[in-house]
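Here the structure is laid out as structure tokens; the discussion comes afterwards.
In the working numbering, the protein residues as written are 74 to 147.
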């Protein structure tokens, strides 16, 4: 994936100097799940509300900053 098409999640993680493993630990998901987010496979990731909040905290984002097609499970 070239930088122009880079995932906003990957871009932000790298801006913060975080590894996929570090994000996975904070959000309580697998490293594979973080990789899926970064490659656009959001539907495969079923997040709880607390995990969405943790992801927003680690990235310093509001929920509105998440990609539009990124959803928590109901």
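Every residue gets a Cβ at the ideal spot worked out from N, C-alpha and C, and that includes glycine.
Computed from a prediction, not measured in an experiment: that's the story for all the values here.
In this structure, the straight-line span from the alpha carbon of residue 110 to that of residue 82 is close to 7 Å. Taking the Cα positions, residue 99 is about 10 Å away from residue 93. Residue 89 sits in coil when the DSSP states are folded into three classes, being neither helix nor strand. Under the three-state reduction of DSSP output, residue 108 falls in the helix class.
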